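K.L.:
First the structure, then my questions, so here it is.
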Amino acid sequence: MNLRAGMIGLCAAALFASPTVASAEVGVKGAGVASEARSVPGLEPTTGADAGSPVAAKRPRAETSPKLAEHAVSAVLMDAATGTVLMEKNSHEKLPPASITKIMTMLLTVEALERGQVQLSDRIRTSERAASMGGSQIFLEPGEEMTLDDMMKGIAVASANDASVAVAEYLAGSEAEFVSLMNRRAEELGMRDTHFVNCNGLPAEGHYTSAYDIAIMSRELLKHPQVLRWTSLYEDYLRKNTDRPFWLVNTNKLVRFYPGVDGLKTGFTGSARYCLSATAKKGDFRVIAVVMGEPTSKQRNAEVTQMLDWAFGQYQFVKLYGPGDPVGQVRLDKGDPEKAPVTVRQSVGVLLRRGESKTGIRARVVVSPGAAPKKKGALVGKVVVYRDDQPVSAAPLYLAKDVRRAGWWAMFGRTCRHWLGASDR
0 MNLRAGMIGL CAAALFASPT VASAEVGVKG AGVASEARSV PGLEPTTGAD
50 AGSPVAAKRP RAETSPKLAE HAVSAVLMDA ATGTVLMEKN SHEKLPPASI
100 TKIMTMLLTV EALERGQVQL SDRIRTSERA ASMGGSQIFL EPGEEMTLDD
150 MMKGIAVASA NDASVAVAEY LAGSEAEFVS LMNRRAEELG MRDTHFVNCN
200 GLPAEGHYTS AYDIAIMSRE LLKHPQVLRW TSLYEDYLRK NTDRPFWLVN
250 TNKLVRFYPG VDGLKTGFTG SARYCLSATA KKGDFRVIAV VMGEPTSKQR
300 NAEVTQMLDW AFGQYQFVKL YGPGDPVGQV RLDKGDPEKA PVTVRQSVGV
350 LLRRGESKTG IRARVVVSPG AAPKKKGALV GKVVVYRDDQ PVSAAPLYLA
400 KDVRRAGWWA MFGRTCRHWL GASDR
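This is the structure we're talking about:
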């Protein structure tokens, strides 16, 4: 009896003396792919915008082939999963982007949706200023209300300037405040060649970006797959059951004519000429192709088609995890449950030249889970992919479920199990 009482006393002392140790237990899918559940020396857990960025590593050198994007002022071809640049031409030249600006407008909107700040069913009232935008539009009238879902459809498919301003005003109170958020987000993403003046890309002094920065924000937008529900539409209607139905036809014709293209955004003004950020997916390999300053829309589409053909012909992507796939489990200090599943929101893997060996690929997990409670979607670390001991890509890890703070009695029992050797670690 005295021994038992002594053990209980030790358990209680341990409960208050030391926190639960955070750890990761990971199994990577795929034959021949190794996994190690420990931190990577020299690579600290990342947070915020850097959490999913490519890590420093030896990568395929970007091509500057004159056979690609020959008529574009600037261009870039990027692997969406790793951020590897496959081909570039004047990719950091600052140029007017026209309606490609709306990629950032859509990004801020889907991020607000995922935070729960707004809902797709919200009805947005059109201001006189929004209705007066001109250019590409869905002909919103002052005072007209439309759901955020339909507004996003108008922005993504018809490149609606009026809907862009209406959404900006709804999210931030004014377009000016929304533009401040756009520039702040661009800075967080490392878009060093970019400055926004408006939310729709209408000509304005000091409004510019680069092909590389467009690829960066396009890649970030693609981390929110729901946007493809709008950008992949070729045609649809707004105000369908009213006396003012409006037929939408996608300004990105490749959505219809190139297999695998499901976004993202076109642009045209007299100064910007014809621009496009297109994305296409074949199998597990998704590519982003950006051109700026093309002389005609026909030339723009033809050169982006050539870029996509070249990428799919030259490269392959070896996927380890897809969005939503379970990566493993982590322990949170004083968490209930004791172990919680973690997942990724983007494809994780390795970009290879076609015919290149798939050996030597492995993944490690770096965790910094902290203490409970934490909500589903909380950032708790990252998964780093290695090839031949060189880091080639990384992606943030998120909790796949809520973790409550464990009660005193649960922690007491857990600590006793650990001390008595009954832990399942």
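Read in order, the letters of the sequence shown are residues 0 to 424 in numbering that gives the first Met the number 0.
By construction, the Cβ of each residue, glycine as well, lies at the ideal position given by its N, Cα and C atoms.
No experiment lies behind these values; they were computed from the predicted model shown.
With a CB to CB cut of under 8 Å and the five nearest residues on each side skipped, what residues in its chain are close to D401?
P.N.:
P372, K373, K374 and K375
K.L.:
Using 8 Å for Cβ pairs, my map puts V343 next to L396. What's the rounded Cβ distance?
P.N.:
6 Å
K.L.:
Tell me whether M77 sits in a helix, a strand or coil according to DSSP, three-state version.
P.N.:
strand
K.L.:
For K88, which residues of its own chain have a beta-carbon under 7 Å away from its beta-carbon, when the five flanking residues on both sides are left out?
P.N.:
T63, A68, A71, S73 and A74
K.L.:
Looking only at C-alpha atoms, which of M291, K280, K281 and R285 sits nearest to Y273?
P.N.:
Per the C-alpha coordinates, the member of M291, K280, K281 and R285 positioned closest to Y273 is M291.
K.L.:
How is the beta strand (DSSP E) around I102 delimited, first residue to last?
P.N.:
Membership of I102 in any beta strand (DSSP E) is not indicated; the residue belongs instead to the alpha helix (DSSP H) covering K101 to R114.
K.L.:
Just the Cα atoms here: how many angstroms apart are T268 and V347?
P.N.:
Rounded to the nearest angstrom, the two C-alpha atoms are 37 Å apart.
K.L.:
Buried or exposed: where does R285 fall if 16 or more other Cβ atoms within 10 Å of its Cβ makes it buried?
P.N.:
buried
K.L.:
If you measure from the beta carbon of T230 to each beta carbon in chain D, is any gap under 7 Å?
P.N.:
Included in the structure is just one protein chain, with no chain D present.
K.L.:
If I measure Cβ to Cβ from M151 and keep anything under 6 Å in the same chain, skipping five residues before and after, which residues do I get?
P.N.:
W229
K.L.:
Return the residue from the list T81, K338 and D308 that minimises the CA-CA distance to L253.
P.N.:
D308
K.L.:
From the DSSP output, which residues share a beta bridge with T278?
P.N.:
G262 and I287
K.L.:
Alpha carbon to alpha carbon, what distance is there between A165 and A301?
P.N.:
33 Å
K.L.:
Among S392, Q315 and A288, which residue has its Cα nearest to the Cα of S90?
P.N.:
Ranking S392, Q315 and A288 by Cα distance to S90 puts A288 first.
K.L.:
In angstroms with no decimal places, state the Cα-to-Cα distance between P96 and S173.
P.N.:
Their backbone Cα atoms lie some 22 Å apart in a straight line.
K.L.:
Give every residue of the same chain whose Cβ lies closer than 8 Å to the Cβ of V117, excluding the five residues on either side of it in the sequence, and list them in chain order.
P.N.:
T108, A111, L147, Y169 and L170
K.L.:
Where do the ends of the beta strand (DSSP E) carrying A362 lie?
P.N.:
I360 to V366
K.L.:
Name the two residues that bound the continuous beta strand (DSSP E) containing M86.
P.N.:
V84 to K88
K.L.:
Looking at the strands, I want to know which residues DSSP matches up with R238.
P.N.:
Partner(s): none; R238 has no beta bridge.
K.L.:
Determine, using beta-carbon pairs with one atom in the region 190-197 and one in the region 225-244, whether at least three such pairs fall under 8 Å.
P.N.:
no
K.L.:
What residue range does the alpha helix (DSSP H) around F256 cover?
P.N.:
L253 to F256
K.L.:
Can you check which of these residues, A155, G354, A79 and V383, is closest to V364 by C-alpha distance?
P.N.:
When only C-alpha atoms are compared, the closest one is V383.
K.L.:
What separation, rounded to the nearest whole angstrom, lies between the Cα atoms of F311 and R128?
P.N.:
Distance between F311 and R128, taken at the CA atoms: about 44 Å.
K.L.:
From the DSSP output, in three-state form, read off D332 for me.
P.N.:
strand
K.L.:
Measuring CA to CA, which of T304, P294 and Y207 is closest to R255?
P.N.:
T304
K.L.:
Would L220 and I99 qualify as a contact pair, given that the criterion is a beta-carbon distance under 7 Å?
P.N.:
no
K.L.:
For the candidate residues L201, M145 and M306, whose alpha-carbon lies nearest to that of L237?
P.N.:
M145
K.L.:
Tell me whether V303 sits in a helix, a strand or coil according to DSSP, three-state version.
P.N.:
helix
K.L.:
Which residues in the same chain have their Cβ closer than 6 Å to the Cβ of T104, if we skip the five residues on either side of it in sequence?
P.N.:
Excluding positions up to five away in sequence, the list reads S163 and C198.
K.L.:
By how many angstroms is the C-alpha of E355 removed from the C-alpha of L180?
P.N.:
Going from the Cα of L180 to the Cα of E355 covers about 42 Å.
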